[in-house]
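Those sequence lines, one after another, are chains A and B. FYI, in the numbering used here the residues of the first sequence are 34 to 361. FYI, in the numbering used here the residues of the second sequence are 142 to 436. Down below is the structure, laid out as structure tokens.
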Amino acid sequence: MELRLWFLLPAGLLVLVAAAWLVLRRHRRNDGTAAPVAHADRLTSLPSYQAALRRYRRWLGVVLASGLVLALCLLVLASRPVLQGTGRDQRVNRDIVLCLDVSGSMTSTDALLVEVFRSLAEQFRGERIGLTIFDSSAVQVFPLTDDYDFVTDQLDQAKAALDGDSGGYSFFDGTYNGRGSSLIGDGLASCVSSFPRLGTEERPRSIILATDNKLAGRPIFELPEAADLAARNSIRVYGINPNDFDAGTPRGQPGEEMRAAMRETGGDYFALNSRNAVTGIVARVQATEAAKLPGPERTQFSDRPELLLWVALAALACMVLGLRRIRS
Amino acid sequence: MATLLQKVKSRMFLFAHRKARGVLNGEYTSVFRGRSLDFDDLRGYIPGDEVRDIDWKASARFGSPLVKRYVAVRKQTVLLVADTGRNMAARALGGEPKRDILVLALGLMGYLALKHGDDVALVYGDSRGFHRIPGHGTEGHLESLLQAVNSATTLDAGASDLSAQLEYVARNYRRRMLLFIVTDEVALTDELEQRIRRLTAQHELLWLTVRDAELVGAGFPGSAVYDVADLVGVPALLARDPEVAREYHDAEQERTAAMEEFLTRHGIALARLGSSDDIMAGLFGLLERHRRAKR
Chain A
34 MELRLWFLLP AGLLVLVAAA WLVLRRHRRN DGTAAPVAHA DRLTSLPSYQ
84 AALRRYRRWL GVVLASGLVL ALCLLVLASR PVLQGTGRDQ RVNRDIVLCL
134 DVSGSMTSTD ALLVEVFRSL AEQFRGERIG LTIFDSSAVQ VFPLTDDYDF
184 VTDQLDQAKA ALDGDSGGYS FFDGTYNGRG SSLIGDGLAS CVSSFPRLGT
234 EERPRSIILA TDNKLAGRPI FELPEAADLA ARNSIRVYGI NPNDFDAGTP
284 RGQPGEEMRA AMRETGGDYF ALNSRNAVTG IVARVQATEA AKLPGPERTQ
334 FSDRPELLLW VALAALACMV LGLRRIRS
Chain B
142 MATLLQKVKS RMFLFAHRKA RGVLNGEYTS VFRGRSLDFD DLRGYIPGDE
192 VRDIDWKASA RFGSPLVKRY VAVRKQTVLL VADTGRNMAA RALGGEPKRD
242 ILVLALGLMG YLALKHGDDV ALVYGDSRGF HRIPGHGTEG HLESLLQAVN
292 SATTLDAGAS DLSAQLEYVA RNYRRRMLLF IVTDEVALTD ELEQRIRRLT
342 AQHELLWLTV RDAELVGAGF PGSAVYDVAD LVGVPALLAR DPEVAREYHD
392 AEQERTAAME EFLTRHGIAL ARLGSSDDIM AGLFGLLERH RRAKR
């Protein structure tokens with residue numbers, strides 16, 4: 034707990050002391066309006082007067098004490114008590130693009146991923162999420178957005194299409210325009226270019242790439258080239274491969290190639306062995322992001338007036354009560 | 142220059158009309174004139190004169206009441222005993238300083254005495270010491286007495302100490318005289334009782350009490366008060382407490398009753414004054430009571 038305008042405190046205390054001194058001085062000095070009387074001891078020695086005087090002093094004490102507490106509370110409040118913390122708000126300004134290979138072998142994994150992100154989207158606060166699908170060519174289903182209602186809606190539609198139980202073949206329209214299929218490098222490059230204001234705006238960016246890296250055709254970007262592009266733009270790519278059937282020497286195998294590319298961007302590679310592991314993988318991706326992306330460390334101040342306000346209110350109540358008791 | 146005596150006189154003239162003033166004169170005469178067997182002359186009856194002084198035969202001849210006047214045995218001295226402690230500089234019941242009432246009462250009594258050819262002497266002072274001014278029968282002398290009292294009675298004066306003052310009077314005045322004691326609402330103590338008793342054996346006493354300001358209820362003077370004894374303030378808020386007020390009034394009544402009872406028992410007339418407006422009536426009542434008490 035710190036005070037932002039701490040200099041108000043000594044200044045206010047000074048004013049308080051000066052005021053008290055003035056009042057006391059005025060009280061001490063007989064200003065001539067007080068009337069001289071004789072035999073006041075005949076009044077002051079009465080037992081009932083003594084009792085009343087004790088009551089009076091007690092309530093006067095209450096009034097003075099609560100007045101002091103009130104004044105101090107207000108002073109401290111005026112100097113703005115704040116909680117100072119160093120915040121890393123990487124979560125709230127993160128951009129995530131789901132980059133899904135929608136070739137036939139991948140749809141069920143895609144469906145799982147979409148489902149996981151649909152539930153995640155309900156907890157997002159400020160993160161932006163986008164969806165791009167690709168096969169031989171890439172299509173942006175929806176750009177990065179924080180309109181979560183829209184995101185949920187779109188992910189629902191995507192899931193239905195990926196599950197194949199909607200007549201929405203149109204969902205995949207535009208993904209077969211290239212030559213070949215599963216042009217992964219091109220898809221990833223498209224995903225990279227779907228981030229707005231690359232290089233001008235500092236935001237943690239990541240891509241979740243679901244593919245089995247089974248290339249069929251001649252892409253414009255090879256996967257390492259696309260990963261390079263991502264790395265240059267500080268975009269981490271997390272790869273999820275449901276069909277990691279690498280055998281023998283790892284070198285040159287699709288899984289290993291993908292792993293190397295992902296690692297190059299600062300991301301990670303996950304081979305999906307069981308369908309239920311998707312949730313866990315996404316959680317790990319989130320955790321890795323959180324760890325890797327401390328974000329700019331910033332000093333944050335949050336005002337904490339509540340407690341003091343309550344104390345001040347209580348003091349005020351005591352004061353009013355005391356004053357009423359004294360005047361009655 | 143408006144002297145204190147002029148104030149006293151103007152007060153007398155303000156008091157109703159001549160007839161009423163005459164009543165006061167008559168009262169004083171019947172109270173204080175020494176009565177010898179040497180007949181002096183007759184004069185018209187003034188209400189307040191002793192009925193037994195009426196010369197019935199002469200009145201019958203003359204057609205209106207006449208009273209006999211005798212040659213005074215001797216010139217009397219009226220001794221004004223003024224408490225001039227700082228208590229008397231405090232407020233009276235009516236709101237003015239008690240000193241004003243004190244000076245007015247002394248002046249009035251002194252003036253009456255002068256009119257009847259008596260001397261007026263003064264004893265005044267406080268616990269720091271008492272002073273006396275011997276008797277003399279002139280207005281200038283009375284004026285100087287009043288000035289002495291007026292200037293002695295300040296908030297810086299010593300505390301009032303009536304029993305010491307009465308002791309001083311008893312020690313310094315052997316000759317029988319008329320004592321006019323003006324003080325505030327003193328409490329009766331054994332010591333004071335004893336002193337008063339001793340004085341009554343030797344002198345004639347008239348007692349005027351100047352009433353103190355009320356410290357409770359509606360009579361509370363102004364917003365703040367302080368005691369002249371120790372200059373300690375008395376919180377006005379407490380004075381509004383009905384319980385305190387009741388107890389205060391009870392105690393005051395008890396004190397007053399005790400004083401009245403004691404003085405009456407010793408044949409001393411007592412008047413209580415709260416304001417200078419009541420001074421004529423108060424003094425008249427005092428003389429009247431004294432005359433009755435003497436018989």
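Quick reminder that beta carbons are idealized off the backbone N, C-alpha and C, glycines included.
query: Give the residues of chain A in contact with asparagine 228 of chain B, contact being defined as C-beta atoms less than 8 Å apart.; result: Ala71, His72
query: Can you pull the chain A neighbours of tyrosine 389 of chain B, defined as C-beta to C-beta under 9 Å?; result: Arg75, Leu76, Leu79, Ser81, Tyr82
query: Got a sec: is the Cβ-Cβ distance from alanine 157 of chain B to anything in chain A below 9 Å?; result: Interpretation of alanine 157 of chain B is limited by its pLDDT of 47, a score under 50 that renders its predicted location unreliable; no figure is taken from the coordinates.
query: Against glutamate 395 of chain B, what residues of chain A qualify as contacts under a CB-to-CB distance less than 7 Å, listed in chain order?; result: Residues of chain A passing the Cβ test: none, with the nearest at roughly 11 Å.
query: So, with DSSP's three-state summary, where would you put glutamate 150 of chain A?; result: Per the sequence shown, residue 150 of chain A should be read as phenylalanine rather than glutamate. The answer is helix: DSSP assigns phenylalanine 150 of chain A an H, G or I state.
query: Which residue marks the beginning of the alpha helix (DSSP H) containing histidine 277 of chain B, and which one marks its end?; result: Looking at the DSSP string, histidine 277 of chain B is not in any alpha helix (DSSP H); the run it does join, the beta strand (DSSP E), is 270-277.
query: Looking at the secondary structure, which residues open and close the alpha helix (DSSP H) in which asparagine 313 of chain B lies?; result: 303-313
query: Around the C-beta of aspartate 301 of chain A, are 16 or more other C-beta atoms found within 10 angstroms, so that it is buried, or is it exposed?; result: buried
query: Taking the C-alpha atoms as reference points, what is the distance between glycine 226 of chain B and valine 323 of chain B?; result: 12 Å
query: Thinking leucine 188 of chain A and aspartate 128 of chain A are a contact (beta carbons under 8 Å), I'd like their distance in whole angstroms, please.; result: The pair is not a contact, with the Cβ atoms about 16 Å apart (cut-off 8 Å).
query: Can you pull out the residues from the stretch 85-115 of chain A whose beta carbon lies closer than 8 Å to at least one beta carbon of chain B?; result: Ala85, Leu86, Tyr89
query: Taking all protein chains shown into account, do 16 or more other C-beta atoms lie within 10 angstroms of the C-beta of glutamate 339 of chain A, making it buried, or fewer, making it exposed?; result: exposed
query: Could you list which residues in chain A have their beta carbon closer than 8 Å to that of proline 438 of chain B, in chain order?; result: Residue numbering for chain B in the displayed model covers 142 to 436; residue 438 of chain B lies beyond these limits and cannot be assessed.
query: Who are the neighbours of alanine 44 of chain A on chain B, taking C-beta pairs under 8 Å?; result: The premise fails here: alanine 44 of chain A is roughly 33 Å from chain B at the closest Cβ pair, so nothing lies under 8 Å.
query: Taking only the alpha-carbon atoms, compute the straight-line gap between proline 275 of chain A and aspartate 180 of chain A and give it to the nearest angstrom.; result: 30 Å
query: When DSSP labels each residue in this structure, what does leucine 248 of chain A get in the three-state scheme?; result: coil
query: Methionine 400 of chain B to isoleucine 195 of chain B, Cα distance in whole Å?; result: 36 Å
query: Please identify the residue among B:Tyr367, B:Val351, B:Asp224 whose C-alpha is closest to the C-alpha of leucine 287 of chain B.; result: B:Asp224
query: Pair every Cβ in the stretch 350-360 of chain A with every Cβ in the stretch 92-103 of chain A, then say whether three or more of these pairs are closer than 8 Å.; result: yes
query: Please confirm if alanine 345 of chain A has its CB atom under 9 Å from at least one CB of chain B.; result: no
query: Please report whether the beta-carbon of proline 206 of chain B lies at a distance below 9 Å from any beta-carbon of chain A.; result: no
query: My output table needs one value for leucine 93 of chain A: the three-state DSSP class, helix, strand or coil.; result: helix
query: In terms of alpha-carbon separation, which member of A:Leu131, A:Gly159, A:Asp245, A:Arg75 lies closest to serine 227 of chain A?; result: A:Leu131
query: Could you tell me which residues DSSP puts in a beta bridge with proline 43 of chain A?; result: In the DSSP output, where bridge partners are listed per residue, proline 43 of chain A has none listed.
query: How about alanine 68 of chain A: is its C-beta nearer than 9 Å to some C-beta of chain B?; result: yes
query: To the nearest angstrom, how far is it from the Cα of arginine 152 of chain B to the Cα of valine 70 of chain A?; result: 26 Å
query: Residues of chain A with CB under 7 Å from arginine 232 of chain B, in chain order?; result: Ala68, Pro69, Val70
query: Does chain A have any CB closer than 9 Å to the CB of alanine 246 of chain B?; result: no
query: Pull up the distance between the alpha-carbon of isoleucine 240 of chain A and that of cysteine 224 of chain A, whole angstroms please.; result: 8 Å
query: In chain A, which residues lie with their C-beta within 9 Å of the C-beta of leucine 296 of chain B?; result: Pro69
query: With a threshold of 16 other CB atoms inside 10 Å of the CB of leucine 46 of chain A, please say whether the residue is buried or exposed.; result: exposed
query: Less than 9 Å between the C-beta atoms of aspartate 143 of chain A and isoleucine 162 of chain A, yes or no?; result: no
query: May I have the straight-line CA-CA distance separating tryptophan 348 of chain B from serine 200 of chain B, to the nearest angstrom?; result: 36 Å
query: Could you run through the stretch 406-433 of chain B and flag, in chain order, every residue whose CB is less than 8 Å away from some CB of chain A?; result: none
query: If you draw a straight line from the alpha carbon of alanine 171 of chain A to that of threonine 332 of chain A, how long is it in whole angstroms?; result: 41 Å
query: Which bits of chain A does aspartate 325 of chain B rub up against, with CB to CB less than 8 Å?; result: Ala71, His72
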